[in-house]
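Chain order of the listed sequences is S and H.
Residue 38 in my numbering sits at position 38 of the first sequence; the count goes up by one each step and never skips.
Residue 22 in my numbering sits at position 22 of the second sequence; the count goes up by one each step and never skips.
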Amino acid sequence: MKKLFSIIIIGLVVIQGIFAITADEIIKKIEESENLSAIAEGRFEITDNLGTRVTTFKSYEAKNGDMMLEFTNPEERGQKILRLKNEIYLYFPDAVEVIHLQGDALKDRIVGSDFSYEDLRGGESLLDKYTATLDGEEVVDGEQCYKILLVEKKGAKDIIYPKQVIWVDKNLFAYRKGEFYSYSNRESSYTIVKNMAVLEIRQIKGKNIPFHIVMKDTMKTNSSTVFQLKDMKIDINIDPAIFSLEELTW
Amino acid sequence: MKLYKIAFRNISRNKRRSILSGTAIAIAAMIITILISLYAGIGKDMKKNIYTVLTGHIRIRHNEYDVNEALNPLHLGIDNYKDVLERLENTDNVEAVNPRISFGTAFYGSPRLFLQDVKDWDRFITLLTSGNNPVFSFLKEKYLYVRERLARKGTQIPDIESIASNMDRMELGDVLYGINEVLERYVLYDPDRFAGISLSEETLAYTERDVPFEERILFNRLALQDAFPGLIIDNPRSGKLILGMGMGMDFQKDAGFMNLETKLESGGIPQSDREAREIILSSGLAKKLNASVGDRITISTKTKYMGMNGITVKVTGIVDLPVAMYNTRFFFLPLDTAQNLLKMDDSVIEILILLKDINKMNTTVSSIKNTLSSVGITNLDVRAWDTIGVYPAYILMLDIVGYYVALFFFLLGSTVIITTTIMVVYERMREIGTVAAMGMKGSQIVRLFFLESFFIGAIASIIGVLIGSGIVIPLGILGWDWSEGLESADFAMSSLLKPAWSLRNTIIIFVYSTAIASIASFFPARRAAKIQPVEALRAV
Chain S
1 MKKLFSIIII GLVVIQGIFA ITADEIIKKI EESENLSAIA EGRFEITDNL
51 GTRVTTFKSY EAKNGDMMLE FTNPEERGQK ILRLKNEIYL YFPDAVEVIH
101 LQGDALKDRI VGSDFSYEDL RGGESLLDKY TATLDGEEVV DGEQCYKILL
151 VEKKGAKDII YPKQVIWVDK NLFAYRKGEF YSYSNRESSY TIVKNMAVLE
201 IRQIKGKNIP FHIVMKDTMK TNSSTVFQLK DMKIDINIDP AIFSLEELTW
Chain H
1 MKLYKIAFRN ISRNKRRSIL SGTAIAIAAM IITILISLYA GIGKDMKKNI
51 YTVLTGHIRI RHNEYDVNEA LNPLHLGIDN YKDVLERLEN TDNVEAVNPR
101 ISFGTAFYGS PRLFLQDVKD WDRFITLLTS GNNPVFSFLK EKYLYVRERL
151 ARKGTQIPDI ESIASNMDRM ELGDVLYGIN EVLERYVLYD PDRFAGISLS
201 EETLAYTERD VPFEERILFN RLALQDAFPG LIIDNPRSGK LILGMGMGMD
251 FQKDAGFMNL ETKLESGGIP QSDREAREII LSSGLAKKLN ASVGDRITIS
301 TKTKYMGMNG ITVKVTGIVD LPVAMYNTRF FFLPLDTAQN LLKMDDSVIE
351 ILILLKDINK MNTTVSSIKN TLSSVGITNL DVRAWDTIGV YPAYILMLDI
401 VGYYVALFFF LLGSTVIITT TIMVVYERMR EIGTVAAMGM KGSQIVRLFF
451 LESFFIGAIA SIIGVLIGSG IVIPLGILGW DWSEGLESAD FAMSSLLKPA
501 WSLRNTIIIF VYSTAIASIA SFFPARRAAK IQPVEALRAV
């Protein structure tokens, strides 16, 4: 009897192990959801020592990850950010040349918000750059979440944050919260530089899209940015020319 | 015989000795004259550079700007600056005012052709307009298309028929703008077009793949270099991050401050029109960029809101600034162009004021403060230039160092004069013994030697200060070029150093040198006079 009980227990553990989701699988599920073509309109509400101001934008995203964001508020009207794979290009209406952002310039803040240009870089899966570890489950804003630790892989290039901690909604497979770290003085220790809270996730055509995000740059006092989407259309055809540097400059 | 006559006779009798001791005194007086003038020149020059370029006699800023200056806080500006300006212009003792915005920027290391990148414009234009060459025929065809597209956007570039080698630089710059648009968008290379042209390995590597947009201009430059050797040069800006310091200013109000119009090496002052987007480059910065009048340059910077903004500006002038530190970094643009770039609306960072009478600086500062507070403007900091940041410390340090250097050279000069005079007295012991044996009193001997030294000292000092002045005065007019040594120096000293000669200093140096030479003779002569004639005669 005792033996049978032990077999059942071991069997349950093995079965749970077989069906338990791994951190890599969670990341893949999120990235699948992000793989879409979309046109969206939204706003950044930026609060800092200067007060609060709003910038609005329209963005286009292709399935391959290319993205073009155009600012539409009067102060920044016509400014465009183009992401092609892992590269960021800036177009300013008063400049005849497109500026290819490289090096430290990628750390600059997008229209003075708490998002930096490097936050926009894409092109690769998180799993190509980070080792993901499932660090248990926690409740975030009343929702059960997986807590995943991401630490940069040795030799990985163009790493923005060497360590990230993300909380992924267990049901929606979408971000609920994130903490982003940089190295502190010693390479083995980290300092939090940004934290992110996703306040609203909407489901569009079966995809879970974060519609309302608050990002805080912890290195700056009294600074936070609310990113809010007003409208989003997904799985629609977008003229590939929108993602062309050539078109950007005409 | 009177003592002074004997003294003169002794001087002329021992010509070689007199000339030697006189030469030592003259050299000391000359060096002191040159050094004192040099230091006075440096101090005067630095003061002028600081108040004409950086601070004015009085500077007005937002009262929190200085504390946050390292963060480039463009939001801490002077709002509605025109109102403030009007009140300042109506204040007593105010000679001139100039509103300014200073900001750091990076010049985009553009692969586009600049005017000086084309080494032979006559040949370039002949090739472009004649249509005989297949590569340039393609360039011409695309130029016409680009011209049409730009015109639709409201940008005009010259028609191909009007292109000529005698065009002015601004027009040529417009032609080059069109050519760059072609080189950026189209690939010149085609096996037929380049038939018979030997391509370099680097160019060949491009021909074997699909060249993306951002690399086309680099490919085209290489192909043109292969096909037309000597026509264009390698891109001198490629991969370089060139930093600059922008200064938005009202060029109409610049008189008395930097006087940029008088420092123009080529071209002219930019139009005060934000749509024109024009700038002046300092000559050192232009050299770093290989840019000249007519070129278009793209700059990027952080705005008031800490976001980025970029602008392409047209170079309308090159100025040669006296301070190497400014001449390798500064560029100037109209205030409204800077405001547009930095999203500054109607604000400026500072207003500089020049005074009619600098002695009334403190009362004018008080008067300005009262004027501003009477209309409710209380967030501005009004400061006299000698209370701003590190500048007064620089000047004070320079003055102190100047005094010590002068003292050092005075002492060094004195040592030379004293040693020479003492040696002369001791050399003449036998002579002292003789005149003493002949009945000359000790006091007379001392006076005789004193007079000899005084005459030699006076004549030598006059010669010394005259030679020193003869070197310093022309240098004060022509200047002494230190530009290479000062290029990386981080202080406001002009590259063309002009010593400041003054009559007062010259008289002081003359009197001092003469007095030292005279006094130096007194003690050994007194000692010599006390020695018994027999002992003195025994001396060598």
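Built from N, CA and C at the ideal position, the CB exists for glycine as well.
Bridge-paired residues (DSSP) for residue i
{"i": "S/Ser-59", "result": "S/Ala-40 and S/Leu-69"}
{"i": "S/Glu-32", "result": "Looking at the DSSP assignment, S/Glu-32 forms no beta bridge with any residue, so it has no partner."}
{"i": "H/Arg-100", "result": "H/Met-249 and H/Glu-350"}
{"i": "S/Trp-167", "result": "S/Lys-147 and S/Lys-177"}
{"i": "S/His-212", "result": "S/Glu-200 and S/Gln-228"}
{"i": "H/Val-313", "result": "H/Ile-297"}
{"i": "H/Ala-384", "result": "H/Ile-58"}
{"i": "H/Pro-334", "result": "H/Met-249"}
{"i": "S/Tyr-89", "result": "S/Leu-82 and S/His-100"}
{"i": "S/Lys-233", "result": "S/Ile-39"}
{"i": "H/Glu-278", "result": "H/Lys-314"}
Within 9 angstroms, strictly: CB atoms of residue i and residue j
{"i": "H/Asn-58", "j": "H/Thr-364", "result": "Sequence inspection shows Ile at residue 58 of chain H; the Asn mentioned does not correspond to that position. Result yes, Cβ atoms of H/Ile-58 and H/Thr-364 sit closer than 9 angstroms."}
{"i": "S/Ala-40", "j": "S/Lys-58", "result": "yes"}
{"i": "H/Met-308", "j": "S/Leu-90", "result": "yes"}
{"i": "H/Val-348", "j": "H/Tyr-186", "result": "no"}
{"i": "H/Ala-96", "j": "H/Ala-255", "result": "yes"}
{"i": "H/Ile-358", "j": "H/Ile-368", "result": "no"}
{"i": "H/Ser-37", "j": "H/Trp-501", "result": "yes"}
{"i": "S/Tyr-190", "j": "S/Ser-182", "result": "yes"}
{"i": "S/Leu-120", "j": "S/Ile-159", "result": "no"}
{"i": "H/Ile-160", "j": "H/Leu-128", "result": "yes"}
{"i": "H/Ile-302", "j": "H/Arg-277", "result": "Sequence check: residue 302 of chain H is Lys here, not Ile. Their beta carbons are not under 9 angstroms apart, which means H/Lys-302 does not touch H/Arg-277 by this criterion."}
{"i": "H/Arg-87", "j": "H/Val-375", "result": "yes"}
{"i": "H/Tyr-65", "j": "H/Glu-350", "result": "yes"}
{"i": "H/Ser-543", "j": "H/Val-424", "result": "With chain H covering only 1 through 540, there is no way to say anything about residue 543 of chain H."}
{"i": "H/Ile-34", "j": "H/Pro-392", "result": "no"}
{"i": "H/Thr-23", "j": "H/Ala-460", "result": "yes"}
{"i": "S/Phe-243", "j": "S/Leu-84", "result": "yes"}
{"i": "S/Ile-26", "j": "S/Tyr-146", "result": "yes"}
Separation of residue j from residue i, as counted between CA atoms
{"i": "S/Val-96", "j": "S/Ile-21", "result": "50 angstroms"}
{"i": "H/Ala-384", "j": "S/Phe-180", "result": "47 angstroms"}
{"i": "S/Ser-33", "j": "S/Asn-208", "result": "7 angstroms"}
{"i": "H/Leu-115", "j": "H/Ala-291", "result": "7 angstroms"}
{"i": "S/Ile-15", "j": "S/Asp-169", "result": "Residue placement at S/Ile-15 is poorly supported in this model, since its pLDDT is 49, which falls under 50; the coordinates still yield a value, given next. Each residue's Cα considered, the two are about 23 angstroms apart."}
{"i": "S/Arg-43", "j": "H/Thr-298", "result": "28 angstroms"}
{"i": "H/Phe-107", "j": "H/Phe-331", "result": "11 angstroms"}
{"i": "H/Lys-356", "j": "H/Gly-476", "result": "25 angstroms"}
{"i": "S/Gly-136", "j": "S/Asn-171", "result": "15 angstroms"}
{"i": "H/Gly-468", "j": "H/Val-435", "result": "38 angstroms"}
{"i": "H/Gly-173", "j": "H/Val-118", "result": "11 angstroms"}
{"i": "S/Ile-18", "j": "S/Leu-149", "result": "Reliability fails at S/Ile-18, whose pLDDT of 49 lies under 50, so the model's placement of it is uncertain and the value that follows must be treated cautiously. Near 21 angstroms, if we compare the C-alpha coordinates of S/Leu-149 and S/Ile-18."}
{"i": "H/Leu-451", "j": "H/Val-472", "result": "30 angstroms"}
{"i": "H/Ala-525", "j": "H/Met-438", "result": "17 angstroms"}
{"i": "H/Lys-441", "j": "H/Ser-513", "result": "28 angstroms"}
{"i": "H/Ile-11", "j": "H/Gln-532", "result": "24 angstroms"}
{"i": "S/Gln-203", "j": "S/Met-232", "result": "11 angstroms"}
Any non-hydrogen atom of the ligand FAD within 8 angstroms of residue i CB
{"i": "S/Ile-27", "result": "This structure lacks the ligand FAD, and indeed carries no ligand of any kind."}
Partner residues on chain S for residue i, Cβ-Cβ distance less than 8 angstroms
{"i": "H/Ile-311", "result": "Phe-92, Asp-94 and Ala-95"}
{"i": "H/Ser-162", "result": "Going along chain S, no residue has its Cβ under 8 angstroms from H/Ser-162, so there is no contact; the nearest lies around 22 angstroms."}
{"i": "H/Ser-110", "result": "Glu-97"}
{"i": "H/Arg-149", "result": "Trp-250"}
{"i": "H/Asn-296", "result": "Note that residue 296 of chain H is Arg in the sequence shown here, rather than Asn. Under the 8 angstroms cutoff, chain S gives Val-96."}
Chain H contact residues for residue i, given Cβ-Cβ distances below 9 angstroms
{"i": "S/Leu-50", "result": "His-75, Lys-304, Tyr-305 and Met-306"}
{"i": "S/Val-111", "result": "Thr-303, Tyr-305, Met-306, Gly-307 and Met-308"}
{"i": "S/Asp-119", "result": "Within chain H, no residue comes near S/Asp-119; the closest Cβ sits about 14 angstroms away, beyond 9 angstroms."}
{"i": "S/Asp-108", "result": "Lys-302, Met-306, Gly-307 and Met-308"}
Interface residues of chain H facing residue i [CB-CB closer than 7 angstroms]
{"i": "S/Glu-246", "result": "Arg-185 and Phe-213"}
Beta-carbon neighbours of residue i, restricted to chain S and to distances below 9 angstroms
{"i": "H/Arg-277", "result": "Asp-94"}
{"i": "H/Ser-300", "result": "Leu-90, Phe-92, Ala-95, Ile-99 and Ala-105"}
Beta carbons nearer than 7 angstroms to chain S: which residues of the stretch 328 to 353 of chain H have them?
Lys-343
At a Cβ cut of 7 angstroms, what residues of the stretch 189 to 222 of chain H count as close to chain S, listed as they run along the chain?
Phe-213 and Glu-214
Anything in the stretch 47 to 81 of chain H with a Cβ closer than 7 angstroms to a Cβ of chain S? List those residues in chain order, please.
His-75
Tell me which residues of the stretch 71 to 85 of chain S have at least one Cβ-Cβ distance to chain H shorter than 8 angstroms, keeping chain order.
Glu-75, Glu-76 and Gln-79
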